[in-house]
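Just so we're aligned, residue 3 is where the sequence shown starts under our numbering, counting upward by one. To keep things clear, I will list the structure first and then write my remarks on it.
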Amino acid sequence: MVASSAFAEQLRFSKSDAGDAYDFSYQWVDYAQQTQNMRFTLPKKALFSKFRKFRAYNPDFAVKHVQREVRKYLKQNPLSGISISYGNELSDISISGRNPSDVAKASREIRSQETAIFNDYLASQFYHQFTDHQNSPGIKPDHVRIAQESVAMLASTKSVILDIVNVKNIRLVTNYVLGFVQNIPYSPLESRLTSSGAGFNVPAKVLWENQGDCDSKMTLTIAMLRALMPRIKMVMIYIDQHAFIGLELLPELGDVTIVHQGRTFVLGDPTGPRLMPLGQLSFESEQAIRAKHYTAEIFD
Numbered sequence: 003m004v005a006s007s008a009f010a011e012q013l014r015f016s017k018s019d020a021g022d023a024y025d026f027s028y029q030w031v032d033y034a035q036q037t038q039n040m041r042f043t044l045p046k047k048a049l050f051s052k053f054r055k056f057r058a059y060n061p062d063f064a065v066k067h068v069q070r071e072v073r074k075y076l077k078q079n080p081l082s083g084i085s086i087s088y089g090n091e092l093s094d095i096s097i098s099g100r101n102p103s104d105v106a107k108a109s110r111e112i113r114s115q116e117t118a119i120f121n122d123y124l125a126s127q128f129y130h131q132f133t134d135h136q137n138s139p140g141i142k143p144d145h146v147r148i149a150q151e152s153v154a155m156l157a158s159t160k161s162v163i164l165d166i167v168n169v170k171n172i173r174l175v176t177n178y179v180l181g182f183v184q185n186i187p188y189s190p191l192e193s194r195l196t197s198s199g200a201g202f203n204v205p206a207k208v209l210w211e212n213q214g215d216c217d218s219k220m221t222l223t224i225a226m227l228r229a230l231m232p233r234i235k236m237v238m239i240y241i242d243q244h245a246f247i248g249l250e251l252l253p254e255l256g257d258v259t260i261v262h263q264g265r266t267f268v269l270g271d272p273t274g275p276r277l278m279p280l281g282q283l284s285f286e287s288e289q290a291i292r293a294k295h296y297t298a299e300i301f302d
């Protein structure tokens with residue numbers, strides 16, 4: 003499919019204090035070269051409370067937390083005949099003892115506790131472990147969960163958008179949201195595997211700062227679409243240095259799609275600056291999809 007040659011042009015953005023809320027106002031040009039306007043109000047509490055402590059992942063803090071919790075566990079559940087020493091890295095724990103079977107048993111128990119504690123720590127920080135299409139591991143923000151927990155904040159946008167679009171049609175509503183997010187200024191994506199979430203903005207921060215990288219824009223788009231369409235199945239798609247969305251609906255001729263877990267998803271790119279409706283991707287992104295150089299996370 004030949005992608006649109008139009009590029010994002012956000013004509014106006016403003017936000018103003020409205021007591022216990024903020025009013026947001028936007029004007030932009032969509033992929034059909036039509037000028038669009040939108041105004042909505044978001045409560046201050048919803049904007050600023052949920053992800054107030056969200057930060058870039060710090061591996062040193064993670065190691066200290068896990069080792070502290072492992073020590074606490076072993077103090078409460080001592081291992082007879084076992085000596086333990088700790089290093090400076092995650093899993094850098096030396097276990098020794100006279101009986102090899104006791105050492106092996108202790109090692110399994112400690113590794114199990116360490117894994118559980120580490121995953122709980124990541125979840126508490128809105129992060130999770132991630133593997134890309136080349137099976138390279140990393141730690142990234144849990145975009146699915148962040149989007150899920152941002153839906154309530156965006157509830158007020160539903161009536162505004164449906165009044166503007168005026169038709170409860172999945173593709174038309176999605177194209178409106180894609181155009182809105184594509185026109186939010188873009189900030190480059192840091193490496194997903196090495197950046198530890200640096201540069202990622204949660205949906206509230208994308209709106210507040212009026213900027214976001216592709217992961218941030220994807221997460222905002224998914225959250226807005228879920229607020230609009232509570233039952234539609236969606237998917238988050240990751241390729242090298244880029245991300246986009248997929249919706250489970252009947253494809254039209256020329257749509258770029260994937261089949262994931264037995265479901266067909268029509269893909270869309272909310273990043274910009276190129277303006278493209280649902281079903282279109284850039285040539286590079288479409289090539290990555292066709293080569294299956296992507297990973298996907300279901301958003302039910």
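No residue lacks a Cβ here, since even glycine has one placed at the ideal position from N, Cα and C.
- Distance from the Cα of residue 238 is smallest, within the candidate group 246, 232 and 231, for 246.
- Each of 112, 143 and 133 was checked against the Cα of residue 125, and the nearest Cα belongs to 143.
- Runs of the alpha helix (DSSP H) lying entirely within the region 110–184 and spanning at least 4 residues, in chain order: 145–150, 158–167 and 172–184.
- Nearest in C-alpha terms to residue 65, of all of 105, 119 and 19, is 119.
- C-alpha of residue 135 to C-alpha of residue 18: approximately 43 Å in a straight line.
- One alpha carbon belongs to residue 39, the other to residue 12, and they sit about 10 Å apart.
- The Cβ-Cβ distance between residue 33 and residue 275 does not fall below 8 Å.
- Restricting attention to 158, 148, 220 and 166, the CA atom closest to the CA of residue 43 is found in 158.
- Listed in chain order, the non-local C-beta contacts of residue 253 below 6 Å within the same chain comprise 259 and 268, local neighbours out to five positions each way being set aside.
- Looking at the backbone, the Cα of residue 300 and that of residue 97 are separated by about 39 Å.
- With respect to the 8 Å criterion, residue 163 and residue 179 are classified as neighbours on the basis of their beta carbons.
- Put simply, the backbone Cα of residue 70 is about 41 Å away from that of residue 23.
- Residue pairing from DSSP leaves residue 47 without any beta-bridge partner.
- Between residue 85 and residue 99, the gap from beta carbon to beta carbon is short of 8 Å.
- Residue environment for residue 219: buried (at least 16 other C-beta atoms within 10 angstroms of its C-beta).
- With a contact defined as Cβ atoms closer than 8 Å, residue 277 and residue 8 qualify at about 4 Å.
- Here residue 211 is actually not in contact with residue 201; their C-beta atoms are around 12 Å apart, not less than 8 Å.
- Note: residue 30 is bridge-paired with 12 and 38 in the DSSP secondary-structure output.
- CA-CA distance, residue 47 to residue 189, rounds to 26 Å.
- With a contact defined as Cβ atoms closer than 8 Å, residue 290 and residue 224 miss out at about 19 Å.
- In this structure, DSSP gives residue 300 an extended state, which the three-state scheme calls strand.
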